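Step one of this worksheet: look at the structure below.
Residue numbers (my numbering): 120 to 269.
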């Protein structure tokens with residue numbers, strides 16, 4: 120079971136450069152954990168692409184249908200005071216935007232005290248913060264692997 124950030128879920132819904140890579144990750148572990156706001160962020164991405172005329176209305180509808188199916192299969196982490204308080208701490212410690220801090224706080228609450236939890240993201244800033252918070256970051260972003268020693 121892995122925590123999936125919006126940036127990693129969007130390529131499952133829309134053909135993108137990362138689609139094959141995230142499809143491979145999903146085939147290795149079909150259980151997705153996601154933040155409560157993730158579906159809204161995915162819908163926002165599809166709407167933005169339609170407004171930019173990179174998707175038709177029919178394509179957007181197809182993406183939203185796929186999103187509903189995906190959402191029905193994932194474990195969703197709901198808002199709580201614990202997540203909000205953790206997100207405030209993450210904002211102070213890392214250079215995150217509020218939405219990313221909420222994602223990471225939800226992942227931290229889901230993972231508990233384990234240091235073996237995995238987080239799937241293509242957001243470099245979130246990847247670095249997640250790594251510093253003890254997550255193994257996939258799919259191998261620059262922030263997910265330790266720098267080489269001199």
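C-beta atoms are modelled at their ideal positions from N, C-alpha and C, and glycine is treated no differently.
Remember, predicted model here, so these are calculated numbers, not experimental data.
Excluding the 5 residues preceding and the 5 following residue i in the sequence, name in chain order all residues of the same chain whose CB lies nearer than 6 Å to its CB.
i: residue 135; result: none
i: residue 267; result: Bear in mind that the predicted position of residue 267 carries a pLDDT of just 35, short of 50, making it unreliable; the figure below should be weighed with that in mind. Within the same chain, residue 267 has no close Cβ partners at all.
Considering Cα atoms alone, identify which of the options is closest to residue i.
i: residue 130; options: 120, 219 and 162; result: 162
i: residue 120; options: 133, 146 and 137; result: 146
i: residue 215; options: 243, 200, 234 and 194; result: 243
Going along the chain, which residues of its own chain have a beta-carbon closer than 8 Å to the beta-carbon of residue i, five neighbours each way excluded?
i: residue 269; result: Reliability fails at residue 269, whose pLDDT of 38 lies under 50, so the model's placement of it is uncertain and no value is given.
Assuming residue i is part of the beta strand (DSSP E), what are its boundary residues?
i: residue 123; result: 121-123
i: residue 237; result: 237-239
i: residue 195; result: 194-196
i: residue 154; result: 151-154
Is the Cβ-Cβ distance between residue i and residue j less than 8 Å?
i: residue 245; j: residue 219; result: yes
i: residue 249; j: residue 226; result: yes
i: residue 125; j: residue 157; result: yes
i: residue 182; j: residue 133; result: yes
i: residue 196; j: residue 228; result: yes
Give every residue of the same chain whose Cβ lies closer than 7 Å to the Cβ of residue i, excluding the five residues on either side of it in the sequence, and list them in chain order.
i: residue 224; result: 202, 205, 206 and 209
i: residue 265; result: Here the model assigns residue 265 a pLDDT of 39, short of 50, so the residue's position is not dependable, and the following value carries that caveat. The answer is none, since no qualifying residue turns up.
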